[in-house]
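Each remark here refers to the structure printed beneath this line.
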Amino acid sequence: MMINTTLQKTCIVLMLVSAFSFPQQISAQDDIEDMNLTGWRFGINMGMYLANKNTAQFYSGEPQNENSIQWVLNNYYWYQEILQELNGNEIIKNPGDVPQDWMGEYNQWRQQYNVAQGDTSKWWIYYPEGLKYDAAISPGFYAKYNFNNSTGIFIQSNYVKLKTSGIFQMVIDSVTYTSQPAYRQGYMRGVEERVNIDIGLSKFYTVGKITNLYVETGFHLNSTRVLENRIQIGRKEYSIINLYGNRQYVPNSNMTAYDIYQGGVGFGIFLAGGVKFVFNETVAIDLGTQMYWKKVKLEGYNNFYGDYYFYVRLIFDLFGDSQ
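Given below as structure tokens:
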């Protein structure tokens, strides 16, 4: 992890130095020079967003996380539902299916928590490791003011909904009241949305009749909100977000569920680059890659990580000759 972090920082520094110290004329073409590209330009982004997997572990349901699987299993009523579901639908695996290399740890756990044979009140969970987000489509809006034909400042905003899922394993001694632990799987998923806002400097260098290389860099803000963190055991689904505060959920009691907001505002920096095709003074297309070095506001996962965005951007001049 330290090597990857150092490499990412080094790449950012080298790309910035090379981009903005590069000569401003690279075989400039008369066609570009004759155009007037100054003033406002607007764009629409569409691309693929790859979020860093480290923050996906927020949804794993581990005891130290803000949302814990144990919160559901420790509720008496949900616990009874789960037992009935596991018994009634024959989804319990044979106790002999428990891997042998688990048995030593299982026995240590039983001794540590004084779990007797046949005790169905305590669970032992293997939490999912290595969770990662699915790649997601990210649309956005872009506005830029060109000081001259090659340099300008811009702001852009992109939206993305990220999803992750995984499997956790449970061992209990045992729903079938045998002398061996039963082993079965549960499923978890997390969904979050992010709004990314980038403010920075943009510059491009002409290399062909309509072809240009461009680089963008600047400051990044993001707003993250957790939309869902759920588990499924058999056919039963439960949110592991605590909606009831200090109270225990009781069915048919008309309990009020709180509107829980998890997430917040994070920040960082970004570096982007790619190929710009300038067709005329009104229309251009960017094919680019953007790398973020940022933190997002998820409790317990607030370190800086790198995200990536691969996009196509259509740029147009709304004002035409009037600007």
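Quick note, the numbering used here runs 35 ahead of the 1-based positions in the sequence shown.
Virtual Cβ for every residue (Gly too), placed ideally from N, Cα, C.
Item                                                                                                                                                                                                      : Value
Whether or not the segment 339 to 349 and the segment 269 to 279 are in contact is what I'm after, with contact meaning three or more pairs of Cβ atoms, one per stretch, closer than 8 Å; do they touch? : no
Using only the alpha-carbon positions, how far apart do Tyr-168 and Arg-265 sit?                                                                                                                          : 15 Å
For the beta strand (DSSP E) that contains Ile-19, what are its first and last residues?                                                                                                                  : There is no way to answer for residue 19, as the model of the chain reaches only from 36 to 358.
Given a threshold of 16 other Cβ atoms within 10 Å of its Cβ, counted over all protein chains shown, does Ile-172 qualify as buried or as exposed?                                                        : exposed
Shortest alpha-carbon distance to Thr-246 belongs to which of Lys-238, Lys-311, Gly-335?                                                                                                                  : Lys-311
Please name the residue in Ile-202, Ile-234, Tyr-327, Pro-286 whose C-alpha comes closest to that of Gly-269.                                                                                             : Ile-202
Taking the Cβ atom as the reference point for each residue, do Gly-303 and Lys-332 lie within a distance shorter than 8 Å?                                                                                : no
Which residues in the same chain as Gln-362 place their Cβ atom closer than 7 Å to its Cβ, once the five residues preceding and following it in sequence are excluded?                                    : Here the chain comprises residues numbered 36 to 358, so residue 362 is not present and cannot be evaluated.
Please report the distance separating the alpha-carbon of Gln-297 from that of Lys-88.                                                                                                                    : 18 Å
Alpha carbons only, please: which of Trp-328, Thr-317, Leu-121, Thr-324 is nearest the one belonging to Asp-352?                                                                                          : Thr-317
In three-state DSSP terms, what is Phe-314?                                                                                                                                                               : coil
How would you label Lys-329, buried or exposed, when you count the other beta carbons within 10 angstroms and need 16 or more for buried?                                                                 : buried
Between the alpha carbons of Asn-102 and Phe-93, how many angstroms are there, rounded?                                                                                                                   : 8 Å
Where does Tyr-327 fall in DSSP's three states?                                                                                                                                                           : strand
Measure the alpha-carbon distance for Ile-160 versus Val-226 and round it to whole angstroms.                                                                                                             : 22 Å
Is it right to say Asn-257 is buried, meaning 16 or more other beta carbons lie within 10 angstroms of its own, or is it exposed?                                                                         : buried
State buried or exposed for Glu-263, treating a residue as buried only when at least 16 other CB atoms are found within 10 Å of its CB.                                                                   : exposed
Buried or exposed: where does Gly-280 fall if 16 or more other Cβ atoms within 10 Å of its Cβ makes it buried?                                                                                            : exposed
What first and last residue would you give for the beta strand (DSSP E) that runs through Val-347?                                                                                                        : 340 to 351
Who are the near neighbours of Asn-315 in its chain, counting only those whose CB is closer than 8 Å to its CB and skipping five residues on each side?                                                   : Met-70
Check whether the Cβ atoms of Thr-259 and Gly-299 sit closer than 8 Å, and answer yes or no.                                                                                                              : yes
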